[in-house]
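Line by line, the protein sequences give chains A and B.
Numbered according to our numbering, the first sequence spans residues 523 to 716.
Numbered according to our numbering, the second sequence spans residues 523 to 716.
Everything below concerns the one structure shown next.
Number of protein chains: 2
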Amino acid sequence: MAVAAASKREIEDRVLQEWAELATAWGVSPVLGRIHGLLLLNGQPMTAEEICDRLQISRASASVQLNAILDWGLARRIFVPGDRRQYYQADQDHWIWFRRAAATRKRREFDPVVARLGEALAQARAAARDDEEMGALSERLANLHNFVGELFRGIGLVLEEDEALLHYLLRLSPQELDELRHLLRVAVKEPERS
Amino acid sequence: MAVAAASKREIEDRVLQEWAELATAWGVSPVLGRIHGLLLLNGQPMTAEEICDRLQISRASASVQLNAILDWGLARRIFVPGDRRQYYQADQDHWIWFRRAAATRKRREFDPVVARLGEALAQARAAARDDEEMGALSERLANLHNFVGELFRGIGLVLEEDEALLHYLLRLSPQELDELRHLLRVAVKEPERS
DNA sequence: TCTGTATTTCAGAAATCCGTGAAACTTGGT
DNA sequence: ACCAAGTTTCACGGATTTCTGAAATACAGA
């Protein structure tokens with residue numbers, strides 16, 4: 523298996539490329555992804571200037587994206603005594619930052635949508651009393667609202683901040699997973715309402 | 523609780539608005555979201571023309587986005603005998619279409635990234651033999667690659683096509699969930715390698 | 001084969017997003 | 001209080017994305 527020789531820089535650039543890809547798929551700007559990737563690969567705290575030099579981006583852009591990165595909870599600021607510059611260091615526990623970011627996104631973007639869908643549903647139900655034809659819409663909207671609510675609750679369950687189930691799930695062997703599936707199937711046979 | 527009166531059209535527009543929002547968060551175009559939303563709310567099969575009229579978009583745009591919707595597995599074409607037009611109908615089982623779309627996305631966008639990250643890792647390891655300094659990068663990259671691989675495997679486990687765990691999980695009562703958590707915690711105490 | 005309808009493709013236009021440089025602002029040191 | 005390094009804000013410009021109308025294509029029925 524011949525692997526093409528590559529410098530550190532080349533390898534980093536490849537990874538940064540992929541990380542930017544992932545970032546856009548996740549719905550954030552590529553540059554944010556590249557900065558985060560760089561921080562991850564570097565491990566050490568970095569100043570904004572170092573990041574700008576390495577990534578060939580402007581100070582302004584770095585400032586904005588760095589703050590976004592802090593907002594998402596992907597990295598934190600390090601204050602070095604006797605140094606006025608701010609250092610940024612990515613969380614090295616990947617599960618931690620990912621779950622924090624997921625939780626942030628859910629809170630910011632998904633929960634409000636569910637709430638507004640709920641309002642629309644209330645309107646539809648109110649109108650359904652007068653207008654016969656509104657009944658079908660009302661019902662379908664109720665389904666949709668219910669689905670979205672459940673889905674996001676599930677995402678929270680599996681992913682969010684602490685106590686994420688996904689963590690435990692991933693450590694299980696295939697056999698154990700099968701057992702678990704069986705267990706769950708049995709458990710949900712009788713419709714529970716606690 | 524006074525709820526503002528609203529027409530069917532107004533309510534639909536509100537929902538479509540939210541659905542477009544969700545679509546952009548999910549990384550697809552808003553118009554695709556609106557079309558999908560409309561199909562969901564309508565339930566009945568619709569022609570491209572009906573969709574264009576209702577959403578005030580061009581035929582061309584509808585054509586492209588509808589095909590994208592089919593690609594994602596969010597709706598299917600209905601052929602009506604004696605009618606040359608194509609009808610589109612959204613899958614009414616929300617869990618089905620969502621899981622199918624998630625699986626599609628993982629296959630299309632995420633798996634390739636993991637693969638390419640693996641290549642970069644191989645390069646880094648090869649280079650690490652000669653270049654001492656590459657060792658740290660190599661190790662961090664291995665961590666990253668491992669994390670991404672696990673994460674997407676987990677997402678598949680929880681969400682994908684059939685046998686999704688999420689479904690079962692969501693039907694459990696809080697007590698049962700706690701029991702499950704405890705069960706899992708115990709199960710993963712001893713590091714398993716099957 | 002010709003015709004009329006439905007759909008897709010394509011080049012250009014509109015809109016949106018994103019990064020930049022310059023100016024404004026903040027803050028630690030003197 | 002002033003200075004200087006560091007950071008943030010903002011209006012502008014460039015790039016990408018996305019929509020549109022027109023032309024091309026596909027195809028069922030006569």
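Yeah, the Cβ is synthetic: ideal placement off N, Cα and C, and Gly gets one too.
Could you spell out where the alpha helix (DSSP H) holding residue i opens and where it closes?
| i | result |
| --- | --- |
| B:I573 | A570 to L577 |
| B:G549 | No alpha helix (DSSP H) holds B:G549; DSSP gives it neither H nor E. |
| B:S583 | R581 to W594 |
Taking only three categories from DSSP, how would you classify residue i?
| i | result |
| --- | --- |
| A:R707 | helix |
| A:R599 | strand |
| B:Q697 | helix |
| A:Q539 | helix |
| A:R715 | For A:R715, the predicted model reports a pLDDT of 44, less than 50, meaning its position is unreliable; a value from the coordinates is still stated below. Looking at A:R715 - three-state DSSP - the assignment turns out to be coil, as it is neither helix nor strand. |
| A:G565 | coil |
| B:G604 | coil |
| B:E534 | helix |
By a C-beta neighbour count over all protein chains shown, 10 Å radius and 16 as the cutoff for buried, is residue i buried or exposed?
| i | result |
| --- | --- |
| B:G555 | buried |
| A:V550 | buried |
| A:P567 | buried |
| A:F601 | exposed |
| A:N589 | exposed |
| B:G559 | buried |
| A:V525 | exposed |
| A:R621 | buried |
| A:E714 | At A:E714 the pLDDT is 45, less than 50, meaning the model places this residue with poor confidence; the figure from the coordinates comes in the next sentence. Exposed, by the Cβ-count rule. |
| A:H667 | buried |
| B:S716 | Confidence in B:S716 is poor, its pLDDT being 40 and thus under 50, which makes the residue's placement unreliable; the coordinate value appears in the next sentence. Per the 10 Å Cβ criterion, exposed. |
| A:S529 | exposed |
| B:L592 | exposed |
| B:R707 | exposed |
| A:G604 | exposed |
| A:Q587 | buried |
| A:L643 | buried |
| A:L659 | buried |
| B:L705 | exposed |
| A:Q578 | exposed |
| A:E571 | exposed |
| A:A625 | buried |
Could you tell me how far apart the beta carbons of residue i and residue j are, in whole angstroms, since I believe they sit closer than 8 Å?
| i | j | result |
| --- | --- | --- |
| A:L544 | B:R662 | Wrong, their Cβ atoms sit about 16 Å apart, outside the cutoff. |
| A:A664 | B:E698 | The Cβ separation is near 25 Å, so there is no contact. |
| B:L681 | B:L688 | 6 Å |
| A:E540 | B:L639 | 6 Å |
| A:G565 | A:Q614 | 6 Å |
| A:W619 | A:L596 | 5 Å |
| B:S583 | B:V537 | Not confirmed; about 20 Å, so no contact. |
| A:A527 | B:A542 | Not confirmed; about 48 Å, so no contact. |
| B:V636 | B:F674 | 6 Å |
| B:A547 | B:W594 | With 8 Å as the limit, B:A547 and B:W594 do not qualify as a contact, their Cβ atoms being about 15 Å apart. |
| B:L702 | A:L691 | Actually they are not in contact, since the Cβ atoms of B:L702 and A:L691 sit about 10 Å apart, beyond 8 Å. |
| B:A686 | A:I533 | In fact, because the Cβ distance is near 36 Å, the residues do not count as touching under 8 Å. |
| A:I573 | A:K628 | Wrong, their Cβ atoms sit about 28 Å apart, outside the cutoff. |
What residue ranges within the segment 606-691 of chain A form continuous beta strand (DSSP E) runs of no fewer than 3 residues, ordered along the chain? 608-612
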